[in-house]
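Report on the following structure.
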């Protein structure tokens with residue numbers, strides 16, 4: 248699935264919450280959208296209100312939400328028909344929404360969902376403008392014509408506010424399980440979860456964190472010629488960002504407990520980290536603003552492209568620090584570790600072309616990797632052509648050649664490789 252459709256879906260949910268509540272509270276739904284569609288999202292979202300009837304304690308609404316994920320592909324526009332039941336409460340409004348999908352999609356999904364609505368939403372809206380949204384998809388148990396689909400459903404919850412619906416808080420997404428199987432393949436997810444404290448898709452936040460976890464992913468094909476087997480366990484991707492003293496930092500961690508890829512033995516732990524530090528937060532926000540403007544047009548004008556390039560250049564000219572430490576990959580009980588640090592210093596380049604030309608001589612990088620002879624031997628066994636020859640003698644000969652070329656240092660069973668990149672030249676420093 249293309250990322251633009253994922254973004255379109257998220258925007259659709261956010262826009263639906265607006266239709267459902269912050270505007271019922273004011274009882275000015277139609278007039279609100281006449282104003283709100285003038286926002287920056289006007290080319291992605293269009294809303295047509297068919298019916299709105301609000302009584303003293305309850306009401307109903309009917310509207311069409313049109314989403315265009317990509318302004319360059321107007322043929323990909325799709326419509327969602329939303330029907331809401333509105334209940335007035337002491338603290339605000341409660342909205343139960345039913346989403347009617349396009350007829351061709353509805354026809355395909357109806358048998359799989361056993362006639363249930365594929366998406367349902369419940370929202371609450373306080374008098375102060377706070378919004379809580381819960382969107383869910385029902386459980387599935389479909390088995391027909393050698394096609395098997397089973398799911399325990401999906402639940403998405405988040406909070407927002409009518410003053411800035413692009414800022415979502417306390418986001419939780421849960422998919423307990425999904426299995427898709429036919430005669431030639433098998434795919435399964437177990438315990439997929441996403442959590443984030445804050446997300447704003449247009450602004451840099453003072454502090455935010457998120458984590459995507461997956462207990463297990465399996466994918467198998469049953470073809471006789473080249474069967475494929477993929478197995479990933481204890482997957483986690485986490486992100487933290489913050490702004491201190493007008494400097495933006497972003498920390499990313501990627502972890503896998505165990506994994507098996509096609510034509511390989513099972514790997515143990517895999518951990519990778521990448522941090523970017525000391526980015527000018529004001530100039531980075533200016534770059535995001537220019538990206539948002541360019542994203543509203545199919546083809547940006549030459550002037551818009553130049554403004555975007557200059558905004559990116561101003562970020563880069565302020566300098567960036569990056570590092571990747573405590574990286575680990577394990578084969579059985581054999582381990583490889585690696586650390587890297589780098590800097591792009593401040594500088595004036597004038598144009599992006601000048602930067603591209605000069606940057607390779609300005610960046611400095613240092614790194615170190617440590618492993619063992621036993622790890623190298625296990626790594627060689629992953630290559631079918633080398634597996635039969637991967638004995639101690641062959642490993643020693645290969646490592647001796649690397650040592651003579653200055654690529655590594657051997658200390659007993661430990662292998663150490665240090666390197667640097669300075670003034671456009673890489674070299675080993677063992």
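Residue numbers (this note's numbering): 248 to 677. Where is the CB? At the ideal position from N, CA and C, for every residue including glycine.
Cross-strand partners of residue 527 (DSSP beta bridge): 494
Euclidean distance between Cα positions of residue 643 and residue 513: 24 Å
Between the CA atoms of residue 671 and residue 607 - distance to the nearest angstrom: 5 Å
Nearest to residue 554 (by Cα), restricted to the options 567, 490, 536: 536
Buried or exposed (CB count within 10 angstroms, at least 16 for buried), residue 379: buried
Strand pairing of residue 467, partner residues [DSSP]: Beta-bridge partners assigned by DSSP to residue 467: 433, 476.
Whether residue 416 touches residue 444 by CB criterion (8 Å): yes
Beta-carbon spacing of residue 565, residue 530 below 8 Å: yes
Segment contact, 8 Å Cβ cut-off, at least three pairs: the stretch 368-376 with the stretch 390-400: no
Contact set for residue 673: own chain, Cβ-Cβ below 7 Å, skip 5 residues either direction: 666
Rounded straight-line distance, which links the Cα of residue 497 to that of residue 661: 33 Å
Distance between residue 482 and residue 499 (C-alpha atoms, nearest Å): Rounded to the nearest angstrom, the two C-alpha atoms are 14 Å apart.
Residue 423, enclosing beta strand (DSSP E) - first and last residue: 414-428
Alpha-carbon to alpha-carbon, residue 648 and residue 675: Residue 675 and residue 648 have their C-alpha atoms roughly 14 Å apart.
Which of helix, strand or coil DSSP assigns to residue 622: helix
Cβ distance (whole Å) where residue 455 is taken to contact residue 488 below 8 Å: 5 Å
Coarse secondary structure for residue 676, derived from DSSP in three states: Reduced to three states, the DSSP call for residue 676 is coil.
Reduced DSSP secondary structure (H/G/I, E/B, other) of residue 610: Coil, per DSSP.
Continuous beta strand (DSSP E) assignments of at least 3 residues falling wholly in the stretch 283-371: 292-301, 305-314, 325-335, 339-347
Three-state class that DSSP yields for residue 628 in the structure shown: helix
Residues that DSSP places opposite residue 668 in a beta bridge: 612, 673
Continuous beta strand (DSSP E) stretch holding residue 638: start and end: Here residue 638 belongs to no beta strand (DSSP E), and DSSP marks it neither H nor E.
Residue 357 versus residue 365 - alpha carbon distance: Cα to Cα, the separation comes out at about 8 Å.
Residue of 623, 422, 558, 299 minimising C-alpha distance to residue 538: 558
Element boundaries [beta strand (DSSP E), containing residue 382]: 377-384
Within the stretch 581-606, ranges of the beta strand (DSSP E) (whole runs, at least 3 residues): Those beta strand (DSSP E) runs which fall completely within the stretch 581-606 and span 3+ residues are 581-591.
CA-to-CA distance, residue 599 to residue 556, given in whole angstroms: A straight line joining the alpha-carbon of residue 556 with that of residue 599 spans about 7 Å.
Exposure of residue 651, with buried meaning 16 or more beta-carbon neighbours within 10 Å: exposed
Chain-order list of residues whose beta-carbon lies under 6 Å from that of residue 697 (same chain, five-residue window excluded): Nothing about residue 697 can be read from this structure; the chain reaches only from 248 to 677.
Buried/exposed call for residue 572, threshold 16 Cβ in 10 Å: With fewer than 16 Cβ atoms within 10 Å of its Cβ, residue 572 is classed as exposed.
Distance between residue 622 and residue 586 (C-alpha atoms, nearest Å): 17 Å
Identity of the residues DSSP links to residue 649 by a beta bridge: Beta-bridge pairing links residue 649 to no other residue.
Simplified DSSP assignment, three categories, for residue 394: Strand, per DSSP.
Backbone CA spacing between residue 668 and residue 628 [nearest angstrom]: If I take the Cα positions, the gap works out to 31 Å.
Span separating the alpha-carbon of residue 440 from that of residue 601: 44 Å
Residue closest to residue 525, alpha-carbon to alpha-carbon, out of 504, 467, 503, 592: 592
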